[in-house]
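So for the sequence shown, my numbering puts the first residue at 15; every next one is plus one.
Every residue, glycine too, gets a C-beta built ideally from N, C-alpha and C.
Being a predicted model, the structure only gives us computed values, none of them experimental.
This report refers to the structure that appears directly beneath it.
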Amino acid sequence: GNNQYHWCSACYNELDGNIPIELGDVTLKKDGLKKRKNDEVHEESWVACDTCERWVHQICGLFNSRQNKEHKSEYQCPQCLLKKRKEAAAKEENGGKPAPEVKMQTAEDLPRTKLSEILEGHVRTKVEEQVRKLSKERSDAENVPLEEAMEALNLGGPITIRQVTSTDRKLEVRERMKERYAHKKYPDEFPFRCKCIVVFQKLDGIDVILFALYVYEHGPDNPLPNRRAVYVSYLDSVHFMRPRKMRTFIYHE
Numbered sequence: 015g016n017n018q019y020h021w022c023s024a025c026y027n028e029l030d031g032n033i034p035i036e037l038g039d040v041t042l043k044k045d046g047l048k049k050r051k052n053d054e055v056h057e058e059s060w061v062a063c064d065t066c067e068r069w070v071h072q073i074c075g076l077f078n079s080r081q082n083k084e085h086k087s088e089y090q091c092p093q094c095l096l097k098k099r100k101e102a103a104a105k106e107e108n109g110g111k112p113a114p115e116v117k118m119q120t121a122e123d124l125p126r127t128k129l130s131e132i133l134e135g136h137v138r139t140k141v142e143e144q145v146r147k148l149s150k151e152r153s154d155a156e157n158v159p160l161e162e163a164m165e166a167l168n169l170g171g172p173i174t175i176r177q178v179t180s181t182d183r184k185l186e187v188r189e190r191m192k193e194r195y196a197h198k199k200y201p202d203e204f205p206f207r208c209k210c211i212v213v214f215q216k217l218d219g220i221d222v223i224l225f226a227l228y229v230y231e232h233g234p235d236n237p238l239p240n241r242r243a244v245y246v247s248y249l250d251s252v253h254f255m256r257p258r259k260m261r262t263f264i265y266h267e
């Protein structure tokens with residue numbers, strides 16, 4: 015229903031209409047697929063604030079639609095939340111009852127793995143070294159104190175790295191591939207482990223995903239040519255890193 019699976023015309027024609035398409039989390043049928051052209055512009059979903067009744071994009075207003083399956087969730091937009099917090103702080107200063115502390119889940123709360131801890135430790139150390147280097151260069155070039163040069167870098171919050179998936183899967187070899195390499199006894203399938211690693215940075219109090227990497231790991235028991243091989247399946251990033259000039263440096267690390 016969310017258009018996350020796609021087939022080109024050639025692969026669609028090869029699908030058997032009598033055989034269900036098993037995709038792990040869902041089962042589809044060929045006659046249930048729809049032909050689409052990759053030129054559609056979809057409107058962002060909206061949500062209304064229950065306090066001020068303003069409408070905002072769900073993604074911009076940090077509204078979690080997946081937790082609103084029964085359409086009963088109460089929602090306050092960021093502006094109303096900020097206003098509410100300022101009013102509570104003012105009351106507390108005047109001797110009023112302090113506002114109850116709300117514990118919000120953050121990227122730091124996601125489960126850690128040995129891999130994520132190694133990556134995060136390495137990247138944070140390199141970030142500190144690079145920040146000191148850039149601050150020193152600016153300080154020397156503009157003849158300003160080191161602290162002032164560091165503030166001018168417009169630093170964001172800390173970097174958090176987590177491995178969010180690690181699942182065992184099997185890659186089935188297509189018939190044409192098996193026919194072409196039959197003389198090499200090409201296997202019917204390749205088992206592999208799919209891992210996803212994401213990089214967060216806390217920006218204005220919110221953890222923002224800035225980088226995502228999917229890799230396919232083939233173990234020592236895998237048949238050739240994939241034995242002990244790792245493939246990058248997907249890699250993407252956005253430009254919201256602070257400071258922006260650190261983006262490429264961090265991703266290379």
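Through-space distance from Met260 to Ile175, alpha-carbon basis: So the alpha carbons of these two residues sit roughly 16 Å apart.
Just to confirm the assignment, what range does the beta strand (DSSP E) spanning Gln215 have? For Gln215, the enclosing beta strand (DSSP E) has its first and last residue at Glu203 to Leu217.
What whole-angstrom Cβ distance do Pro159 and Asp182 have, given they're in contact under 8 Å? Actually they do not touch by this definition, with Cβ atoms about 54 Å apart.
Starting from Glu267, follow the beta strand (DSSP E) in both directions and report where the run begins and ends. No beta strand (DSSP E) contains Glu267, which DSSP labels as neither H nor E.
Taking the alpha-carbon of His253 as reference, which of Gln18, Val222 and Ser130 has the nearest alpha-carbon? Checked all of Gln18, Val222 and Ser130; the closest Cα to His253 is Val222.
Look at the alpha carbon of Gln18 and the alpha carbon of Val40, and state the distance between them as a whole number of angstroms. Near 11 Å, if we compare the C-alpha coordinates of Val40 and Gln18.
Span of the beta strand (DSSP E) holding Thr174? Counting along the chain, Thr174 sits inside the beta strand (DSSP E) bounded by residues Ile173 to Glu186.
According to DSSP, residues forming a beta bridge with Ile35: Paired residue(s): Leu42.
Whole angstroms are fine: how far does the CA of Tyr228 sit from the CA of Tyr245? If you take the alpha carbons of Tyr245 and Tyr228, they lie about 9 Å apart.
Could you work out which residue in His71, Ala226 and Leu133 is closest to His56 when comparing CA atoms only? If we check each option's Cα against that of His56, His71 comes out closest.
Would you call the region 121 to 140 and the region 166 to 175 touching, i.e. three or more CB-CB distances under 8 Å? A contact exists between the region 121 to 140 and the region 166 to 175.
Using a Cβ distance threshold of 8 Å, determine whether the region 229 to 238 contacts the region 205 to 221, with at least three qualifying pairs required. Judged by pairs of C-beta atoms under 8 Å, the region 229 to 238 touches the region 205 to 221, as three or more such pairs exist.
How long is the line joining the alpha carbons of Gly75 and His85, rounded to whole angstroms? So the two alpha carbons sit approximately 16 Å from each other.
Reduced DSSP category for Val252 - H, G, I as helix; E, B as strand; rest coil: If DSSP states are grouped into helix, strand and coil, Val252 belongs with coil.
Can you tell me whether Leu224 is buried or exposed? The criterion is at least 16 other CB atoms within 10 Å of its CB, across all chains shown. For Leu224, the number of other beta carbons within 10 angstroms of its own is at least 16, and it is reported as buried.
From Val178, Tyr200 and Arg68, residue whose alpha carbon lies closest to that of Arg241: Arg241 has its Cα closest to that of Tyr200, out of Val178, Tyr200 and Arg68.
Reducing DSSP to helix, strand and coil, say where Glu57 ends up. In this structure, Glu57 counts as coil in the three-state DSSP scheme.
Residue nearest to Thr120 in terms of C-alpha spacing, selected from Tyr265, Ile220, Ala243 and Pro92: Taking Thr120 as reference, the option from Tyr265, Ile220, Ala243 and Pro92 with the minimal CA-CA separation is Ile220.
In the DSSP assignment, find the alpha helix (DSSP H) that holds His136 and state where it starts and stops. Lys128 to Glu156 is the extent of the alpha helix (DSSP H) around His136.
Report the rounded CA-to-CA distance for Arg256 versus Arg68, giving the unit in angstroms. Looking at the backbone, the Cα of Arg256 and that of Arg68 are separated by about 30 Å.
Since Leu47 contacts Trp21 with CB under 8 Å, what's their CB separation in whole angstroms? 7 Å between Cβ atoms; contact.
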